[in-house]
Amino acid sequence: MFCGLTAARLYGLPVPESGDLDVALPPALGKHPEILGIRVHRYTHWGRDDLRRLDGLLVPRPESLFLELAIRLSRIELIMAGDQLVRSWTSVAAIGDRLSQVRRRRGLPAALAALPQLEPETYSPMETRLRMLLVDGGLPRPVANPHVFDDTGQRIAQPDLYYPQALLTIDYDGSHHDRDPRQIRQDRETMRLLALNGYLSLRYDARMILGFPREIVSEVRNLLTERHH
57 MFCGLTAARL YGLPVPESGD LDVALPPALG KHPEILGIRV HRYTHWGRDD LRRLDGLLVP
117 RPESLFLELA IRLSRIELIM AGDQLVRSWT SVAAIGDRLS QVRRRRGLPA ALAALPQLEP
177 ETYSPMETRL RMLLVDGGLP RPVANPHVFD DTGQRIAQPD LYYPQALLTI DYDGSHHDRD
237 PRQIRQDRET MRLLALNGYL SLRYDARMIL GFPREIVSEV RNLLTERHH
């Protein structure tokens with residue numbers, strides 16, 4: 057079966073590129089030939105219940121894959137991949153149930169540490185980075201992708217992140233926000249409606265998130281203090 061980063065890419069998860077295919081073989085096959093471009097793994101602990109077919113290919117179930125990725129990925133990479141797993145393929149509770157059945161396995165401490173941070177309402181890896189930047193900076197965990205409303209109950213926006221008590225919305229601006237004229241008009245109208253209804257909007261692009269994390273945390277912290285209702 058396909059495993060590791062190869063299986064993660066088959067699930068559509070945001071994981072680092074790898075030139076090798078990760079393939080798992082049952083121990084009963086004995087010695088295997090070394091093949092350029094194929095990384096062979098031995099699965100000695102997992103049974104058929106840990107496997108599934110994805111587009112006809114045998115891969116680990118999402119819950120087991122999360123544990124495997126905890127060996128290969130950094131903490132933030134694991135949370136980004138986990139966000140997409142619980143959004144599209146499984147749930148935080150199901151992963152937790154699987155981890156509770158495991159004892160003394162490589163990757164288990166990292167998987168258990170990352171599990172409480174997973175967010176099924178996250179739509180992109182950069183949203184995950186922005187959320188974790190704030191959380192790791194000591195700020196409260198924001199609400200992910202809620203609907204916000206005007207005084208009449210009309211929905212006016214769905215920000216990536218939201219602090220309700222401060223009426224503070226935070227969004228990640230991907231490149232299409234600067235290039236697509238329709239998106240630009242929509243963003244302007246959304247920001248106008250938010251401002252008219254007492255919300256404050258912050259927008260950060262990848263350059264800011266990756267290059268100036270401390271500045272973002274400081275800005276958000278100051279605004280939370282000023283606007284706490």
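Heads up: the sequence shown is residues 57 to 285, going by my numbering.
Ideal Cβ placement from N, Cα and C applies to all residues, glycine included.
GLY75 to MET182, Cα distance in whole Å?
Distance between the alpha carbons of GLY75 and MET182: 24 Å.
Alpha helix (DSSP H) containing ILE272: first to last residue?
Unbroken alpha helix (DSSP H) run through ILE272: 269-283.
Contact defined as beta carbons within less than 8 Å: I believe VAL115 pairs with LEU66. What is the distance between those atoms, to the nearest angstrom?
The Cβ separation is near 6 Å, so the contact holds.
My output table needs one value for ASP111: the three-state DSSP class, helix, strand or coil.
Correct three-state label for ASP111: coil.
Can you give the Cα-Cα distance for ALA63 and MET247, rounded to whole angstroms?
Straight-line Cα distance between these residues: approximately 40 Å.
GLN173: buried (16+ other C-beta within 10 angstroms of its C-beta) or exposed?
When all chains shown are included, GLN173 counts as buried.
Can you tell me whether DSSP reads PRO181 as helix, strand or coil?
Of the three classes helix, strand and coil, the one that applies to PRO181 here is helix, per DSSP.
Per DSSP, what are the beta-bridge partners of PRO116 in this structure?
Its beta-bridge partners are LEU107.
State buried or exposed for ILE151, treating a residue as buried only when at least 16 other CB atoms are found within 10 Å of its CB.
With 16 or more Cβ atoms within 10 Å of its Cβ, ILE151 is classed as buried.
Between ARG154 and GLU124, how many whole angstroms is the CB-CB distance? I'm expecting something under 8 Å.
The Cβ separation is near 11 Å, so there is no contact.
With a CB to CB cut of under 6 Å and the five nearest residues on each side skipped, what residues in its chain are close to VAL191?
Cβ neighbours of VAL191 beyond the five flanking positions: ARG197.
Would GLN221 and PRO202 be called neighbours here (beta carbons separated by less than 8 Å)?
No, they are not a contact pair.
Can you tell me which of the three DSSP states VAL257 falls into?
In the sequence under discussion, the amino acid at residue 257 is Ser, which differs from the Val named in the question. Three-state DSSP puts SER257 in a strand.
Measuring CA to CA, which of SER257, ILE212, ASP243, LEU189 is closest to MET136?
Nearest of SER257, ILE212, ASP243, LEU189 to MET136, Cα basis: LEU189.
State the beta-bridge partners of PHE58 as determined by DSSP.
DSSP lists VAL79 as partners of PHE58.
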